[in-house]
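Below you'll find the structure, written out as structure tokens, and then a few comments.
Numbering (my numbering), first residue to last: 504 to 1269.
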């Protein structure tokens, strides 16, 4: 007999509603949930791959230890004891600075990881923390912190109600949004056009989004900051500034005007490759269209000027009246409001409180740039990392100069990976602790509703009962934390009490607390039950959160009183298709966390970084006319059937033509004598790869593109499908020494490379 399950796909940011048909312990089919009010049945190919993930024979199902003769099965207790003993021994001998932690992208797709990783991180007591943040969205989070007062307060395009969507450095048709959570993005883009609106893309490559757009503008990689400054210059020069209802809630407008004064469109036309008339026209149209939004993503984030680019995109939306307004950039009010509760716990974010040992690069939110990981292992002297805890991450493929990191990990004294597979990174682990799969645990998004184009929430229980003896990620965290903290009788008693409390609570229990106390919650503010529930939350968030702060939530509680949704976990369990909590609504200045509740238009760290931009123009002028015949700028790309490095073991996603190619313009290919499909060698300052060429007019001359996340040919991994479609790692070409000096984000775009054809083998005549 078959069963039907409704849930949210967990394999990207889109939050697609899916309907899963099962028989016994097998998935029969996965389709779009047509009744889901948010996703309307739209799903991308990755959702179908959940079936492959659940039934993958390569998945680890029990802890393993690396031995000279291969991986050896362990019991959970033996594995936990061994990991804790080894980590504590290293910490005792060399201090907690000798321990490192890396958290990969899959963590944000699992509410158990988000809510229950803190006990383990606290038990490790190390500042040597790294994550995918500095390889991705850190510039956005820095701008959130500096301009709005909270690193997780993301402005989101109100894309369903806009008439002009300008996308620079993003490809939402392939990513389904990315910091703009929305399933069925191609349908949403088409809907803009259907009502007479416009979609404009600005990118060195004609992307999947460009194919749906009204207009595409090519731009030279790494010069987006000049384009954005020029747009801002036009806005001020032509008196197109309109701050609307935010006029009294912004500061330093005059400093922003001064910052863009020297960047007229004619000045930046040469370096960017964008005609001055195009810049002026776009700026005017953007400023005069009542419902318009400018959106940027990875192409502008992970480059040398990523922090400046994100700041300028926010500023352009604000000074043209497209912020906190229908059809523009707006803030969400999710059911699980991690922003508000994080602030109550004193966790609104921080920057540059300490630095990495070797290069003195700044921390952000308690994490060091991932570009520094290898050198912190090998070159930090008595402060070097000797043991690593890898949590759902594969930085050998996702971090710059992966070959260097590969070598560094091999020289650690000890490493443990919490991972479902033996990957390019976890193959270096001494012990691997595999968690349950996504269909074996409950799911409620606590991160992506913070980025959603509409306020929604949805809960789903596990589709399959976990196998006997398996452990969820959060249980792994708690078991390790308990053992790490059990140093003597007193600490052991305290650690056991914390463990039992958290284990009894469960991530679902914590979510229930957040829901009930949240903006749509069922608990009346000030009631005894509310106070009791708030007290439980205080014990989880920490003693630094006084009860009076919870009683001063203000706008959060007023929203809860007005919403009348009476949300709790039990309520959500009875809503298999989720709840639509309504469109995004204006919420400023109440939602701000800055002093005086003002938007800071010109934080000093951005102004102090502007001289670098002037040097960019000087560099262009010095190099004008000096072009190497085989010199190119390398950019990345993504595909709707790929998700970083962790979905290539699904045969449904990798089947078909090879997508790990280097795109090159026909003019460049003809000049170098390269034919479509011919192997070429791409060389950078740190490495080289051999890869098939894809000759296409969809990329600018002088630019080449290689997708992110491939490179599965390294020995020792246990992913047969991925190995059969290995491709090459673009991060064997990116340079770990090249970072945005303002914030430490890795430079993964506009990487200088050379390209040479691999000579075809001659076949002798018989």
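Backbone N, C-alpha and C define an ideal beta-carbon position, used for all residues, glycine too.
Just so we're clear, the structure is a prediction, and the values are computed from it rather than from any experiment.
Hey, quick one: how far does the alpha helix (DSSP H) through residue i stretch, first residue to last?
| i | result |
| --- | --- |
| residue 512 | Element bounds for residue 512: n/a, residue is neither H nor E. |
| residue 543 | Where residue 543 is concerned, there is no enclosing alpha helix (DSSP H), given that its DSSP letter is neither H nor E. |
| residue 634 | Per DSSP, residue 634 belongs to no alpha helix (DSSP H); it is in the beta strand (DSSP E), 632-634. |
| residue 675 | 675-678 |
| residue 1085 | Looking at the DSSP string, residue 1085 is not in any alpha helix (DSSP H); the run it does join, the beta strand (DSSP E), is 1082-1086. |
| residue 996 | 992-1020 |
| residue 865 | Per DSSP, residue 865 belongs to no alpha helix (DSSP H); it is in the beta strand (DSSP E), 865-867. |
| residue 556 | 553-557 |
| residue 979 | 976-988 |
| residue 695 | 688-697 |
| residue 934 | Unbroken run through residue 934 is the beta strand (DSSP E), 934-936; no alpha helix (DSSP H). |
| residue 1220 | No alpha helix (DSSP H) contains residue 1220, which DSSP labels as neither H nor E. |
Over the uninterrupted beta strand (DSSP E) stretch that includes residue i, give me the two end residues.
| i | result |
| --- | --- |
| residue 797 | 795-799 |
| residue 777 | Premise fails: residue 777 is in no beta strand (DSSP E) and is neither H nor E. |
| residue 920 | 917-921 |
| residue 1278 | A query on residue 1278 cannot be resolved here, the shown segment of the chain reaching from 504 to 1269 and no further. |
| residue 1194 | 1191-1198 |
| residue 1270 | Given that the chain is displayed from residue 504 to residue 1269, the structure contains no residue 1270 and the question cannot be resolved. |
| residue 960 | 957-960 |
| residue 574 | 573-576 |
| residue 857 | 854-858 |
Can the beta-carbon of residue i be found closer than 8 Å to that of residue j?
| i | j | result |
| --- | --- | --- |
| residue 921 | residue 582 | no |
| residue 1252 | residue 703 | no |
| residue 949 | residue 841 | yes |
| residue 1096 | residue 838 | no |
| residue 676 | residue 656 | no |
| residue 1157 | residue 1211 | no |
| residue 1183 | residue 1191 | no |
| residue 918 | residue 605 | no |
| residue 977 | residue 615 | yes |
| residue 1231 | residue 1194 | yes |
| residue 957 | residue 1087 | yes |
| residue 816 | residue 731 | yes |
| residue 868 | residue 852 | yes |
| residue 973 | residue 708 | no |
| residue 1242 | residue 987 | no |
| residue 967 | residue 1238 | no |
| residue 811 | residue 720 | no |
| residue 962 | residue 1084 | no |
| residue 682 | residue 640 | yes |
| residue 695 | residue 777 | no |
| residue 870 | residue 858 | no |
| residue 809 | residue 1248 | yes |
| residue 556 | residue 941 | yes |
| residue 505 | residue 531 | yes |
| residue 1103 | residue 649 | yes |
| residue 880 | residue 888 | yes |
| residue 587 | residue 594 | no |
I believe residue i touches residue j by the beta-carbon criterion, under 8 Å. Please report the beta-carbon distance rounded to the nearest angstrom.
| i | j | result |
| --- | --- | --- |
| residue 799 | residue 672 | 5 Å |
| residue 1133 | residue 1257 | 5 Å |
| residue 743 | residue 701 | About 18 Å; that fails the 8 Å criterion. |
| residue 901 | residue 1234 | 7 Å |
| residue 823 | residue 745 | 6 Å |
| residue 515 | residue 549 | 6 Å |
| residue 510 | residue 946 | 6 Å |
| residue 1141 | residue 578 | That belief does not hold up - the Cβ atoms of residue 1141 and residue 578 are roughly 40 Å apart, past 8 Å. |
| residue 1176 | residue 1196 | That pair is no contact at about 11 Å. |
In the DSSP output, what is residue i paired with across the bridge?
| i | result |
| --- | --- |
| residue 668 | 702, 796 |
| residue 506 | 525 |
| residue 1257 | 1134, 1186 |
| residue 1249 | 1242 |
| residue 1166 | 1197, 1208 |
| residue 683 | Answer by DSSP bridge pairing: none, since residue 683 is not bridged. |
| residue 495 | Here the chain covers residues 504 to 1269 and nothing more, so residue 495 does not appear. |
| residue 963 | 946 |
| residue 1024 | 1070 |
| residue 570 | 573 |
| residue 535 | 521 |
**Item:** Length at least 3, wholly inside the segment 871-911: the beta strand (DSSP E) runs in chain order
**Value:** Restricted to the segment 871-911, the beta strand (DSSP E) segments that are unbroken, complete and at least 3 residues in length are 890-894, listed in chain order.
**Asked** Whole beta strand (DSSP E) runs in the segment 707-770 with 3 or more residues, listed along the chain?
**Response** Those beta strand (DSSP E) runs which fall completely within the segment 707-770 and span 3+ residues are 718-720.
**Item:** 4 or more residues per run - each alpha helix (DSSP H) lying fully within the segment 601-655
**Value:** At a cut-off of 4 residues, the continuous stretches assigned as alpha helix (DSSP H) that sit fully inside the segment 601-655 are 614-619, 621-627, 641-646.
**Request:** Run through the segment 806-850 for me and flag every whole beta strand (DSSP E) of 3 or more residues, listed as ranges in chain order.
**Result:** List check, beta strand (DSSP E) in window: nothing returned.
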